[in-house]
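In this text, residue positions in the sequence shown follow full-length UniProt numbering: the first is 1, and each later residue adds one.
Each residue gets a CB set at the ideal place from its N, CA and C atoms; glycine is no exception.
Beneath this line is the structure, given in C-alpha coordinates, with notes to follow.
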Amino acid sequence: MKVAVVGGGVSGLAAAHELLLAASGGGDGVRVTLYEQEESLGGHARTVAVDDGTGRVHLDLGFMCFNQVTYLHMMEQLEGLGVEMERSDMSFSVSTQLKGGSRGCEWGNGNGIPGLLAQKTNILKPSFWRMVREIIKFKNDALTYLEDHEHNPDLDHNETLGQFIQSHGYSPSFQEAYLIPVCTGMWSCSPQDVLSLSAFFVLSFCRNNDLLQLFRHTQLPTVKPRSQSYVNKVKGELESMGCLIKTSCRVKSVSSLDGAAGYRVLENDGSEETFDSVILGVHAPNALKLLGAEATHQELRILGACQYVQRDIYLHCDQNLMPQNPSAWSAWNFLGTTSRGFSVTYWLNQIQKIGSVRPFLVTLNPPGVPDHVLLKWNTSLPVPSVAAAKAYLQLDQIQGKRGIWFCGAYQGHGFHEDGLMAGKAAAQGLLGKKCELLLYPKQIIPSWTVAGARLAFTRFFMQYVSIGNLIFVEAGGSVFSFGKACNKCPVKSVVRVHDPLFYWKVIFPSFFCLHMHLYFFFSDWSFMHNS
(Lines of atoms letter the chains of each structure in order from A and count residues from 1; the text may use other names and numbers.)
(Lines give C-alpha, C1' and ligand atoms only; values in the text may rest on other atoms or scores of the structure.)
Protein backbone atom coordinates (compact mmCIF):
# COMPACT_ATOMS: atom_id res chain seq x y z
CA MET A 1 0.00 0.00 0.00
CA LYS A 2 1.36 3.40 -1.03
CA VAL A 3 0.48 6.31 1.26
CA ALA A 4 1.18 10.01 0.76
CA VAL A 5 1.49 12.16 3.87
CA VAL A 6 1.23 15.85 2.98
CA GLY A 7 2.72 18.12 5.63
CA GLY A 8 5.91 17.59 7.61
CA GLY A 9 4.81 19.22 10.86
CA VAL A 10 4.11 17.32 14.06
CA SER A 11 0.94 15.67 12.67
CA GLY A 12 2.51 14.50 9.43
CA LEU A 13 5.60 13.20 11.21
CA ALA A 14 3.44 11.31 13.72
CA ALA A 15 1.27 9.79 10.98
CA ALA A 16 4.23 8.65 8.89
CA HIS A 17 5.99 7.24 11.96
CA GLU A 18 2.89 5.31 13.06
CA LEU A 19 2.38 3.83 9.58
CA LEU A 20 5.97 2.66 9.26
CA LEU A 21 6.07 1.25 12.79
CA ALA A 22 3.08 -0.93 11.89
CA ALA A 23 4.83 -2.09 8.71
CA SER A 24 8.09 -2.89 10.52
CA GLY A 25 6.12 -4.75 13.20
CA GLY A 26 4.91 -7.37 10.76
CA GLY A 27 1.85 -5.57 9.42
CA ASP A 28 0.89 -5.11 5.77
CA GLY A 29 3.63 -3.56 3.65
CA VAL A 30 3.34 0.22 3.67
CA ARG A 31 5.38 2.61 1.55
CA VAL A 32 5.20 6.21 2.73
CA THR A 33 6.14 9.43 0.95
CA LEU A 34 6.23 12.54 3.14
CA TYR A 35 5.82 15.95 1.47
CA GLU A 36 6.90 19.22 3.12
CA GLN A 37 6.94 22.62 1.40
CA GLU A 38 9.59 24.12 3.72
CA GLU A 39 13.30 23.33 3.65
CA SER A 40 13.13 21.45 6.95
CA LEU A 41 10.61 19.33 8.82
CA GLY A 42 8.99 20.16 12.14
CA GLY A 43 6.48 22.94 11.49
CA HIS A 44 6.43 25.12 14.63
CA ALA A 45 9.37 23.17 16.08
CA ARG A 46 11.88 25.70 14.77
CA THR A 47 15.39 26.34 16.12
CA VAL A 48 17.65 29.24 15.12
CA ALA A 49 21.20 30.21 16.08
CA VAL A 50 21.98 33.85 16.98
CA ASP A 51 25.03 35.73 18.25
CA ASP A 52 24.80 37.05 21.82
CA GLY A 53 28.15 38.86 21.70
CA THR A 54 30.16 36.01 23.21
CA GLY A 55 29.17 33.17 20.88
CA ARG A 56 26.32 31.37 19.19
CA VAL A 57 23.10 30.66 21.10
CA HIS A 58 20.42 28.24 19.90
CA LEU A 59 16.83 29.37 20.46
CA ASP A 60 13.50 27.58 20.05
CA LEU A 61 10.94 29.90 18.48
CA GLY A 62 7.73 27.87 18.40
CA PHE A 63 7.75 24.65 20.38
CA MET A 64 9.24 25.78 23.71
CA CYS A 65 7.95 23.62 26.56
CA PHE A 66 5.10 21.29 27.42
CA ASN A 67 3.13 19.82 30.31
CA GLN A 68 4.47 16.33 30.94
CA VAL A 69 1.17 15.17 32.44
CA THR A 70 -1.23 16.43 29.77
CA TYR A 71 1.25 15.92 26.89
CA LEU A 72 1.24 12.15 27.37
CA HIS A 73 2.01 11.20 23.75
CA MET A 74 4.70 13.86 23.49
CA MET A 75 6.44 12.51 26.58
CA GLU A 76 6.13 8.94 25.30
CA GLN A 77 7.73 9.90 21.98
CA LEU A 78 10.55 11.96 23.50
CA GLU A 79 11.43 9.23 25.98
CA GLY A 80 11.28 6.60 23.22
CA LEU A 81 13.68 8.66 21.10
CA GLY A 82 16.00 9.22 24.06
CA VAL A 83 15.69 13.01 23.85
CA GLU A 84 17.23 14.85 26.81
CA MET A 85 14.93 17.25 28.67
CA GLU A 86 15.37 19.94 31.31
CA ARG A 87 13.04 21.91 33.57
CA SER A 88 11.63 25.19 32.26
CA ASP A 89 9.82 28.13 33.84
CA MET A 90 6.23 28.97 32.86
CA SER A 91 5.47 32.07 34.95
CA PHE A 92 3.46 34.94 33.45
CA SER A 93 2.82 38.67 33.91
CA VAL A 94 0.17 41.19 32.85
CA SER A 95 0.80 44.89 32.14
CA THR A 96 -2.19 47.01 31.12
CA GLN A 97 -1.69 50.41 29.52
CA LEU A 98 -3.79 53.56 29.95
CA LYS A 99 -4.74 55.91 27.10
CA GLY A 100 -1.68 58.11 27.63
CA GLY A 101 0.66 55.13 27.34
CA SER A 102 1.40 54.83 31.06
CA ARG A 103 1.01 51.49 32.79
CA GLY A 104 -2.31 50.79 34.47
CA CYS A 105 -2.11 47.52 36.39
CA GLU A 106 1.11 45.50 36.40
CA TRP A 107 1.77 42.21 38.18
CA GLY A 108 3.49 38.86 37.64
CA ASN A 109 3.82 35.50 39.35
CA GLY A 110 7.45 34.77 38.49
CA ASN A 111 8.99 36.21 41.67
CA GLY A 112 6.42 35.50 44.35
CA ILE A 113 5.07 38.44 46.38
CA PRO A 114 7.54 41.01 44.90
CA GLY A 115 6.25 40.16 41.42
CA LEU A 116 2.61 40.16 42.47
CA LEU A 117 3.11 43.61 44.06
CA ALA A 118 5.43 44.96 41.36
CA GLN A 119 3.11 47.95 41.24
CA LYS A 120 3.01 49.15 44.85
CA THR A 121 -0.35 50.90 44.50
CA ASN A 122 -1.96 47.48 44.01
CA ILE A 123 -1.67 46.93 47.77
CA LEU A 124 -4.38 49.54 48.39
CA LYS A 125 -6.75 48.47 45.61
CA PRO A 126 -9.67 46.23 46.73
CA SER A 127 -10.30 45.38 43.06
CA PHE A 128 -6.78 43.97 42.76
CA TRP A 129 -7.19 41.68 45.76
CA ARG A 130 -10.57 40.55 44.47
CA MET A 131 -8.85 39.63 41.20
CA VAL A 132 -6.26 37.62 43.14
CA ARG A 133 -8.99 35.71 44.97
CA GLU A 134 -10.85 35.06 41.74
CA ILE A 135 -7.76 33.72 39.94
CA ILE A 136 -7.45 31.14 42.72
CA LYS A 137 -11.16 30.35 42.34
CA PHE A 138 -10.81 30.28 38.55
CA LYS A 139 -8.28 27.46 38.71
CA ASN A 140 -10.61 25.17 40.64
CA ASP A 141 -13.62 26.15 38.51
CA ALA A 142 -11.66 25.51 35.29
CA LEU A 143 -10.27 22.14 36.40
CA THR A 144 -13.70 20.98 37.54
CA TYR A 145 -15.25 22.09 34.23
CA LEU A 146 -12.56 20.33 32.15
CA GLU A 147 -12.73 17.14 34.17
CA ASP A 148 -16.50 16.97 33.73
CA HIS A 149 -16.38 17.63 29.98
CA GLU A 150 -13.39 15.39 29.19
CA HIS A 151 -14.87 12.40 31.00
CA ASN A 152 -18.47 12.95 29.87
CA PRO A 153 -18.77 13.49 26.09
CA ASP A 154 -22.54 13.98 26.40
CA LEU A 155 -22.09 17.37 28.10
CA ASP A 156 -22.53 20.50 25.99
CA HIS A 157 -19.20 21.69 24.52
CA ASN A 158 -20.79 24.78 22.94
CA GLU A 159 -20.59 27.04 25.99
CA THR A 160 -18.81 30.33 25.35
CA LEU A 161 -16.26 31.89 27.66
CA GLY A 162 -18.71 34.72 28.34
CA GLN A 163 -21.35 32.24 29.51
CA PHE A 164 -18.80 30.53 31.74
CA ILE A 165 -17.74 33.87 33.30
CA GLN A 166 -21.33 34.96 33.87
CA SER A 167 -22.40 31.67 35.43
CA HIS A 168 -19.47 31.82 37.89
CA GLY A 169 -19.81 35.53 38.72
CA TYR A 170 -16.31 36.86 37.89
CA SER A 171 -15.63 40.58 38.39
CA PRO A 172 -14.59 43.14 35.71
CA SER A 173 -11.13 43.47 37.33
CA PHE A 174 -10.57 39.71 36.89
CA GLN A 175 -11.47 39.97 33.22
CA GLU A 176 -9.51 43.17 32.47
CA ALA A 177 -6.29 42.37 34.35
CA TYR A 178 -6.10 38.62 33.71
CA LEU A 179 -8.45 36.81 31.33
CA ILE A 180 -8.79 39.36 28.50
CA PRO A 181 -5.01 40.02 28.28
CA VAL A 182 -4.30 36.28 28.07
CA CYS A 183 -6.93 35.62 25.39
CA THR A 184 -6.32 38.67 23.19
CA GLY A 185 -2.56 38.18 23.46
CA MET A 186 -2.74 34.56 22.32
CA TRP A 187 -5.40 34.72 19.59
CA SER A 188 -5.25 38.31 18.32
CA CYS A 189 -8.98 38.73 18.86
CA SER A 190 -10.51 41.96 20.09
CA PRO A 191 -11.40 42.22 23.79
CA GLN A 192 -15.05 42.25 22.74
CA ASP A 193 -14.65 38.93 20.90
CA VAL A 194 -13.00 37.17 23.84
CA LEU A 195 -16.33 36.33 25.44
CA SER A 196 -17.49 34.49 22.30
CA LEU A 197 -14.55 32.07 22.35
CA SER A 198 -15.08 28.43 23.25
CA ALA A 199 -14.89 28.01 27.04
CA PHE A 200 -13.59 24.46 26.70
CA PHE A 201 -10.81 25.51 24.32
CA VAL A 202 -9.64 28.50 26.39
CA LEU A 203 -9.73 26.65 29.71
CA SER A 204 -7.79 23.74 28.19
CA PHE A 205 -5.17 26.17 26.91
CA CYS A 206 -4.81 27.81 30.33
CA ARG A 207 -4.47 24.44 32.06
CA ASN A 208 -1.99 22.92 29.61
CA ASN A 209 0.21 26.03 29.62
CA ASP A 210 0.12 26.55 33.39
CA LEU A 211 -1.74 29.87 33.21
CA LEU A 212 -4.03 28.92 36.11
CA GLN A 213 -1.29 29.17 38.73
CA LEU A 214 -0.91 32.35 40.75
CA PHE A 215 1.47 31.82 43.66
CA ARG A 216 3.30 28.77 42.32
CA HIS A 217 4.18 28.22 38.69
CA THR A 218 5.12 24.77 37.46
CA GLN A 219 8.55 23.95 36.09
CA LEU A 220 7.57 22.32 32.80
CA PRO A 221 9.99 20.25 30.67
CA THR A 222 11.61 21.54 27.51
CA VAL A 223 13.89 19.80 25.03
CA LYS A 224 17.40 20.55 26.24
CA PRO A 225 19.24 20.38 22.89
CA ARG A 226 16.30 22.33 21.34
CA SER A 227 13.32 21.00 19.40
CA GLN A 228 15.07 20.63 16.04
CA SER A 229 17.18 17.85 17.56
CA TYR A 230 14.01 15.89 18.36
CA VAL A 231 12.70 16.49 14.82
CA ASN A 232 16.01 15.23 13.40
CA LYS A 233 15.70 12.04 15.45
CA VAL A 234 12.19 11.42 14.09
CA LYS A 235 13.47 12.09 10.58
CA GLY A 236 16.31 9.61 11.09
CA GLU A 237 13.88 6.91 12.22
CA LEU A 238 11.58 7.54 9.26
CA GLU A 239 14.44 7.26 6.78
CA SER A 240 15.73 4.09 8.44
CA MET A 241 12.27 2.53 7.94
CA GLY A 242 12.22 3.43 4.23
CA CYS A 243 10.22 6.66 4.21
CA LEU A 244 10.81 8.90 1.19
CA ILE A 245 11.00 12.48 2.50
CA LYS A 246 10.58 15.31 0.00
CA THR A 247 11.33 18.73 1.52
CA SER A 248 11.07 22.06 -0.34
CA CYS A 249 8.29 20.31 -2.24
CA ARG A 250 4.98 22.16 -2.43
CA VAL A 251 1.94 20.03 -3.26
CA LYS A 252 -0.43 21.79 -5.67
CA SER A 253 -3.41 19.43 -5.55
CA VAL A 254 -4.70 16.02 -4.49
CA SER A 255 -7.25 14.49 -6.89
CA SER A 256 -8.90 11.13 -7.52
CA LEU A 257 -7.87 8.95 -10.45
CA ASP A 258 -10.22 8.71 -13.42
CA GLY A 259 -11.92 5.33 -13.43
CA ALA A 260 -9.60 3.82 -10.82
CA ALA A 261 -9.09 3.71 -7.08
CA GLY A 262 -6.43 5.91 -5.55
CA TYR A 263 -5.23 9.50 -5.73
CA ARG A 264 -2.88 11.66 -7.74
CA VAL A 265 -0.57 14.04 -5.85
CA LEU A 266 0.50 16.90 -8.11
CA GLU A 267 3.56 18.97 -7.18
CA ASN A 268 4.11 22.62 -8.07
CA ASP A 269 6.75 21.74 -10.68
CA GLY A 270 4.28 19.47 -12.53
CA SER A 271 5.60 16.19 -11.16
CA GLU A 272 2.96 13.74 -10.00
CA GLU A 273 2.64 10.36 -8.31
CA THR A 274 -0.27 8.06 -7.52
CA PHE A 275 -1.12 6.63 -4.10
CA ASP A 276 -3.66 4.28 -2.57
CA SER A 277 -4.44 6.62 0.34
CA VAL A 278 -3.57 10.15 1.43
CA ILE A 279 -3.16 11.76 4.86
CA LEU A 280 -3.42 15.56 4.85
CA GLY A 281 -1.44 16.83 7.84
CA VAL A 282 -1.97 20.53 7.06
CA HIS A 283 -4.22 23.32 8.35
CA ALA A 284 -7.91 22.77 7.62
CA PRO A 285 -8.20 25.59 5.00
CA ASN A 286 -5.09 24.28 3.23
CA ALA A 287 -6.57 20.77 3.11
CA LEU A 288 -9.66 22.14 1.35
CA LYS A 289 -7.47 24.09 -1.06
CA LEU A 290 -5.56 20.92 -2.00
CA LEU A 291 -8.80 19.02 -2.65
CA GLY A 292 -10.26 21.87 -4.71
CA ALA A 293 -13.54 21.13 -6.47
CA GLU A 294 -13.45 17.50 -5.31
CA ALA A 295 -13.99 18.45 -1.66
CA THR A 296 -17.30 16.97 -0.50
CA HIS A 297 -20.10 18.95 1.13
CA GLN A 298 -19.29 17.38 4.50
CA GLU A 299 -15.58 18.21 4.16
CA LEU A 300 -16.41 21.81 3.26
CA ARG A 301 -18.80 22.12 6.20
CA ILE A 302 -16.58 20.56 8.87
CA LEU A 303 -13.12 21.75 7.80
CA GLY A 304 -14.52 25.13 6.78
CA ALA A 305 -15.58 25.75 10.39
CA CYS A 306 -11.93 25.70 11.50
CA GLN A 307 -10.73 29.27 11.02
CA TYR A 308 -7.21 30.63 11.51
CA VAL A 309 -5.66 33.99 12.35
CA GLN A 310 -2.39 35.20 10.83
CA ARG A 311 0.25 36.33 13.32
CA ASP A 312 3.37 38.45 12.88
CA ILE A 313 6.10 37.19 15.19
CA TYR A 314 9.39 38.90 16.05
CA LEU A 315 12.58 37.67 17.67
CA HIS A 316 14.11 40.80 19.21
CA CYS A 317 15.78 42.38 22.25
CA ASP A 318 13.39 45.32 22.88
CA GLN A 319 12.74 45.53 26.63
CA ASN A 320 9.89 48.02 26.10
CA LEU A 321 7.62 45.04 25.48
CA MET A 322 8.39 43.67 28.94
CA PRO A 323 7.02 44.84 32.34
CA GLN A 324 8.45 48.15 33.57
CA ASN A 325 9.30 46.65 36.95
CA PRO A 326 11.92 43.85 36.61
CA SER A 327 10.25 42.05 39.53
CA ALA A 328 7.31 41.30 37.24
CA TRP A 329 9.41 39.88 34.39
CA SER A 330 8.14 36.37 33.67
CA ALA A 331 8.31 33.65 31.03
CA TRP A 332 5.09 34.88 29.37
CA ASN A 333 4.36 38.62 29.43
CA PHE A 334 1.06 40.13 28.28
CA LEU A 335 1.11 43.86 27.42
CA GLY A 336 -1.61 46.09 25.96
CA THR A 337 -4.96 47.77 26.53
CA THR A 338 -8.48 46.46 27.01
CA SER A 339 -9.60 48.55 24.02
CA ARG A 340 -6.95 47.63 21.41
CA GLY A 341 -5.91 44.20 22.66
CA PHE A 342 -2.70 42.67 23.98
CA SER A 343 0.53 41.16 22.70
CA VAL A 344 2.42 38.33 24.36
CA THR A 345 6.21 38.29 24.75
CA TYR A 346 8.14 35.15 25.62
CA TRP A 347 11.34 35.68 27.61
CA LEU A 348 13.49 32.93 26.10
CA ASN A 349 16.32 33.40 28.62
CA GLN A 350 13.95 32.29 31.36
CA ILE A 351 12.11 29.57 29.43
CA GLN A 352 15.16 27.93 27.85
CA LYS A 353 17.73 28.57 30.59
CA ILE A 354 19.90 30.82 28.42
CA GLY A 355 22.74 32.35 30.41
CA SER A 356 23.29 35.35 28.13
CA VAL A 357 22.94 38.83 29.68
CA ARG A 358 21.28 39.92 26.45
CA PRO A 359 17.47 39.43 26.65
CA PHE A 360 16.11 37.30 23.81
CA LEU A 361 12.39 37.95 23.35
CA VAL A 362 9.74 36.53 21.01
CA THR A 363 6.62 38.70 20.62
CA LEU A 364 3.35 37.74 18.96
CA ASN A 365 1.19 40.57 17.64
CA PRO A 366 3.20 43.59 18.94
CA PRO A 367 1.57 47.06 18.73
CA GLY A 368 4.42 48.14 16.43
CA VAL A 369 7.71 46.86 15.08
CA PRO A 370 10.06 46.27 18.06
CA ASP A 371 13.56 47.70 18.25
CA HIS A 372 16.58 45.42 17.80
CA VAL A 373 14.74 42.88 15.62
CA LEU A 374 16.75 39.72 14.88
CA LEU A 375 14.14 37.82 12.87
CA LYS A 376 10.54 38.22 11.66
CA TRP A 377 8.18 35.56 10.38
CA ASN A 378 4.47 34.85 10.04
CA THR A 379 2.35 31.96 11.23
CA SER A 380 -1.30 31.04 11.56
CA LEU A 381 -3.08 29.75 14.66
CA PRO A 382 -6.54 28.17 14.99
CA VAL A 383 -9.26 30.42 16.41
CA PRO A 384 -10.91 28.74 19.43
CA SER A 385 -14.48 29.31 18.26
CA VAL A 386 -17.56 27.36 19.28
CA ALA A 387 -18.08 26.46 15.60
CA ALA A 388 -14.63 24.85 15.50
CA ALA A 389 -15.41 22.93 18.69
CA LYS A 390 -18.59 21.57 17.08
CA ALA A 391 -16.70 20.61 13.92
CA TYR A 392 -14.10 18.71 15.94
CA LEU A 393 -16.82 16.43 17.32
CA GLN A 394 -17.98 15.60 13.77
CA LEU A 395 -14.61 14.67 12.24
CA ASP A 396 -15.51 10.98 12.09
CA GLN A 397 -18.04 11.87 9.36
CA ILE A 398 -15.20 12.63 6.91
CA GLN A 399 -12.21 10.63 8.15
CA GLY A 400 -11.24 7.95 5.64
CA LYS A 401 -14.64 7.98 3.93
CA ARG A 402 -13.00 8.08 0.50
CA GLY A 403 -9.42 7.10 1.26
CA ILE A 404 -8.41 10.53 2.55
CA TRP A 405 -7.56 11.23 6.19
CA PHE A 406 -7.13 14.57 7.92
CA CYS A 407 -4.94 15.48 10.88
CA GLY A 408 -3.59 18.59 12.55
CA ALA A 409 -3.50 20.44 15.85
CA TYR A 410 -6.84 22.04 14.90
CA GLN A 411 -8.40 18.67 15.81
CA GLY A 412 -7.88 19.50 19.46
CA HIS A 413 -6.86 22.70 21.18
CA GLY A 414 -4.04 23.76 18.86
CA PHE A 415 -1.24 22.27 20.98
CA HIS A 416 1.73 20.17 19.88
CA GLU A 417 0.17 17.24 21.72
CA ASP A 418 -3.07 17.59 19.74
CA GLY A 419 -1.20 17.48 16.45
CA LEU A 420 0.70 14.38 17.55
CA MET A 421 -2.49 12.63 18.67
CA ALA A 422 -4.29 13.53 15.43
CA GLY A 423 -1.45 12.13 13.32
CA LYS A 424 -1.38 8.85 15.25
CA ALA A 425 -5.18 8.55 15.08
CA ALA A 426 -5.25 9.14 11.31
CA ALA A 427 -2.57 6.48 10.72
CA GLN A 428 -4.31 3.95 12.95
CA GLY A 429 -7.61 4.61 11.19
CA LEU A 430 -6.01 4.15 7.77
CA LEU A 431 -4.58 0.80 8.90
CA GLY A 432 -8.03 -0.28 10.10
CA LYS A 433 -6.94 -0.39 13.72
CA LYS A 434 -8.83 0.75 16.76
CA CYS A 435 -7.55 4.16 17.78
CA GLU A 436 -5.85 3.64 21.13
CA LEU A 437 -4.76 6.99 22.49
CA LEU A 438 -3.61 7.79 26.01
CA LEU A 439 -6.20 9.58 28.14
CA TYR A 440 -5.60 12.54 30.43
CA PRO A 441 -5.54 11.49 34.08
CA LYS A 442 -8.23 12.77 36.41
CA GLN A 443 -7.42 16.23 37.72
CA ILE A 444 -6.36 16.74 41.33
CA ILE A 445 -8.40 19.66 42.68
CA PRO A 446 -7.09 20.22 46.22
CA SER A 447 -9.18 21.58 49.06
CA TRP A 448 -7.82 24.46 51.16
CA THR A 449 -6.59 21.97 53.78
CA VAL A 450 -4.81 19.81 51.21
CA ALA A 451 -3.36 22.94 49.57
CA GLY A 452 -1.94 23.94 52.97
CA ALA A 453 -0.39 20.50 53.46
CA ARG A 454 1.06 20.66 49.94
CA LEU A 455 2.57 24.08 50.66
CA ALA A 456 4.27 22.75 53.81
CA PHE A 457 5.42 19.70 51.83
CA THR A 458 7.02 21.77 49.05
CA ARG A 459 8.72 24.17 51.47
CA PHE A 460 10.25 21.24 53.33
CA PHE A 461 11.73 19.67 50.19
CA MET A 462 12.90 23.04 48.84
CA GLN A 463 14.92 23.46 52.02
CA TYR A 464 16.37 19.97 52.37
CA VAL A 465 16.97 18.59 48.84
CA SER A 466 20.36 20.06 47.97
CA ILE A 467 21.87 17.44 45.63
CA GLY A 468 20.19 15.14 43.15
CA ASN A 469 16.80 15.79 41.57
CA LEU A 470 13.46 14.76 43.09
CA ILE A 471 10.32 15.47 41.03
CA PHE A 472 6.69 14.98 42.09
CA VAL A 473 4.08 14.85 39.31
CA GLU A 474 0.41 15.19 40.22
CA ALA A 475 -2.26 13.44 38.22
CA GLY A 476 -3.66 16.35 36.26
CA GLY A 477 -0.69 18.56 35.54
CA SER A 478 1.15 20.11 38.52
CA VAL A 479 4.86 19.35 38.76
CA PHE A 480 7.19 20.04 41.72
CA SER A 481 10.92 19.78 41.13
CA PHE A 482 13.50 19.91 43.95
CA GLY A 483 17.27 20.04 43.64
CA LYS A 484 19.16 19.46 40.42
CA ALA A 485 20.96 16.47 38.96
CA CYS A 486 24.60 17.21 38.16
CA ASN A 487 27.83 15.39 37.33
CA LYS A 488 28.66 15.13 41.03
CA CYS A 489 25.27 13.60 41.86
CA PRO A 490 23.27 12.46 38.79
CA VAL A 491 20.53 10.84 40.90
CA LYS A 492 17.04 11.63 39.58
CA SER A 493 13.70 10.27 40.81
CA VAL A 494 10.24 11.07 39.44
CA VAL A 495 7.23 10.21 41.60
CA ARG A 496 3.59 10.31 40.46
CA VAL A 497 1.11 11.46 43.14
CA HIS A 498 -2.26 9.69 42.71
CA ASP A 499 -4.14 11.10 45.70
CA PRO A 500 -3.80 14.58 47.31
CA LEU A 501 -3.99 12.95 50.77
CA PHE A 502 -0.40 11.93 50.07
CA TYR A 503 0.71 15.37 51.29
CA TRP A 504 -1.14 14.99 54.59
CA LYS A 505 0.38 11.57 55.14
CA VAL A 506 3.90 12.90 54.59
CA ILE A 507 3.40 15.96 56.80
CA PHE A 508 1.63 14.04 59.59
CA PRO A 509 3.07 10.50 59.31
CA SER A 510 2.59 9.52 62.96
CA PHE A 511 -1.20 9.95 62.81
CA PHE A 512 -1.59 7.88 59.67
CA CYS A 513 0.84 5.14 60.74
CA LEU A 514 -1.17 4.68 63.96
CA HIS A 515 -4.58 4.64 62.32
CA MET A 516 -4.19 2.74 59.04
CA HIS A 517 -2.09 0.12 57.27
CA LEU A 518 0.93 1.35 55.32
CA TYR A 519 -0.75 0.13 52.14
CA PHE A 520 -2.95 3.21 52.27
CA PHE A 521 0.18 5.37 52.15
CA PHE A 522 2.04 3.57 49.38
CA SER A 523 -1.09 3.36 47.19
CA ASP A 524 -1.09 7.18 46.93
CA TRP A 525 2.10 7.37 44.86
CA SER A 526 4.30 5.39 42.46
CA PHE A 527 7.66 5.75 40.72
CA MET A 528 7.57 7.05 37.15
CA HIS A 529 11.33 7.09 36.69
CA ASN A 530 14.30 6.40 38.93
CA SER A 531 17.99 6.63 38.01
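Hey, out of the options, whose CA is closest to residue i's CA?
i, options, result
"W405", "R133, G281 and D193", "G281"
"W129", "Q463, G336 and L214", "L214"
"N469", "L290, V495, F164 and S327", "V495"
"V344", "H168, K353, Y145 and G368", "G368"
"R250", "V57, A387, S190 and K289", "K289"
"A199", "S190, E134, M85 and L179", "L179"
"T363", "Y263, R133, K376 and C183", "K376"
"L61", "R340, I351 and N67", "I351"
"M90", "T121, R207, L72 and L81", "R207"
"L41", "R56, C65 and G8", "G8"
"H372", "F360, D193 and L72", "F360"
"G400", "G432, A387, Y346 and Q119", "G432"
"L374", "D52, A45 and V32", "D52"
"V6", "I507, F66 and Y263", "Y263"
"L238", "E18, F502 and V465", "E18"
"S248", "N268, V254 and P500", "N268"
"A261", "V254, F275 and T47", "F275"
Can you find the residues in the same chain that come closer than 8 Å, C-beta to C-beta, to residue i, ignoring five residues on each side of it along the sequence?
i, result
"Q397", "Q298 and I302"
"L395", "I302, F406 and Q411"
If you drop the 5 nearest sequence neighbours on each side, which residues of the same chain put their C-beta closer than 6 Å to that of residue i?
i, result
"Q497", "The displayed chain sequence assigns Val, not Gln, to residue 497. Same-chain partners within the cutoff: F472, E474 and W525."
"L116", "W107"
"H168", "D141"
"F480", "T458 and F472"
"S380", "Y308 and Q310"
With a threshold of 16 other CB atoms inside 10 Å of the CB of residue i, please say whether the residue is buried or exposed.
i, result
"S327", "buried"
"N109", "buried"
"P126", "exposed"
"A391", "buried"
"M186", "buried"
"Y230", "buried"
"A14", "buried"
"S95", "buried"
"R340", "exposed"
"M462", "exposed"
"R56", "exposed"
"I279", "buried"
"F205", "buried"
Skipping 5 residues on each side, what residues in its chain have a beta carbon closer than 7 Å to that of residue i?
i, result
"H517", "Residue confidence for H517 is low, a pLDDT of 47 falling below 50, so the modelled location carries little weight and cannot support an answer."
"I136", "L214"
"F342", "P181, T184, G185, F334, L335 and G336"
"L393", "H157"
"P366", "Y314, L321 and S343"
How about residue i: is its C-beta nearer than 8 Å to some C-beta of chain D?
i, result
"E417", "Looking for chain D here will not work: only one protein chain is present."
Helix, strand or coil: how does DSSP classify residue i here?
i, result
"A4", "strand"
"Y170", "coil"
"L212", "coil"
"I398", "coil"
"H372", "coil"
"Q310", "strand"
"P382", "strand"
"K434", "coil"
"residue 536", "A query on residue 536 cannot be resolved here, the shown segment of the chain reaching from 1 to 531 and no further."
"V450", "helix"
"W504", "helix"
"I354", "coil"
Tell me whether residue i counts as near the ligand HEM, meaning its Cβ is closer than 7 Å to at least one heavy atom of that ligand.
i, result
"E237", "Although the ligand HEM was asked about, the structure shown includes no ligands whatsoever."
* Unbroken alpha helix (DSSP H) runs of length 4 or more, entirely within the segment 61-134: which are they? -> 72-81 and 112-116
* Asked: Which ranges would you report for the beta strand (DSSP E) in the segment 211-260 if only whole runs of at least 3 residues count?
  -> 219-223, 244-246 and 251-256
* Segments assigned alpha helix (DSSP H), at least 4 residues, entirely inside the segment 134-208 -> 161-168, 180-187 and 199-208
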